[in-house]
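Numbering (UniProt numbering), first residue to last: 1 to 104.
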């Protein structure tokens with residue numbers, strides 16, 4: 001959970017993969033919390049954890065048509081990796097873009 005003062009304004013999760021990567025998943029901020037550097041701080045925190053765990057890649061997946069998410073990924077220096085259809089709910093498939101950040 002992400003708080004701004006005592007107000008919950010978002011959430012995120014980190015998943016470790018067997019391929020040497022860490023996935024920043026389900027990153028979400030309420031509109032009122034956007035544009036304040038919170039998302040960039042979460043990315044920096046995730047990268048620090050990944051580096052400390054000996055991992056060399058951080059990635060996240062976003063809906064391919066989410067232009068705000070794409071802009072955020074670019075600002076955080078992620079590079080677009082691939083876009084693939086993914087079933088997000090039973091019977092609901094969306095194009096999902098994977099963005100990755102490498103170091104080493």
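Here a beta-carbon is modelled for each residue, glycine too, at the ideal position from N, C-alpha and C. Quick caveat, the model's predicted, so the values are computed rather than measured.
First through last residue of the beta strand (DSSP E) which encompasses residue i
| i | result |
| --- | --- |
| residue 25 | 21-29 |
Residue interval of the alpha helix (DSSP H) (run including residue i)
| i | result |
| --- | --- |
| residue 72 | 67-75 |
| residue 41 | 38-52 |
Residue i classed as buried or exposed, judged by whether at least 16 other C-beta atoms fall within 10 angstroms
| i | result |
| --- | --- |
| residue 103 | exposed |
| residue 29 | buried |
| residue 101 | buried |
| residue 13 | exposed |
Residue i to residue j span [Cα, whole Å]
| i | j | result |
| --- | --- | --- |
| residue 18 | residue 6 | 36 Å |
Counterpart residues of residue i in DSSP-defined beta bridges
| i | result |
| --- | --- |
| residue 13 | 25 |
| residue 2 | 10 |
| residue 32 | None, per the DSSP bridge assignment. |
- Count the CB pairs spanning the stretch 22-29 and the stretch 52-61 that are closer than 8 Å, and state whether there are at least three. yes
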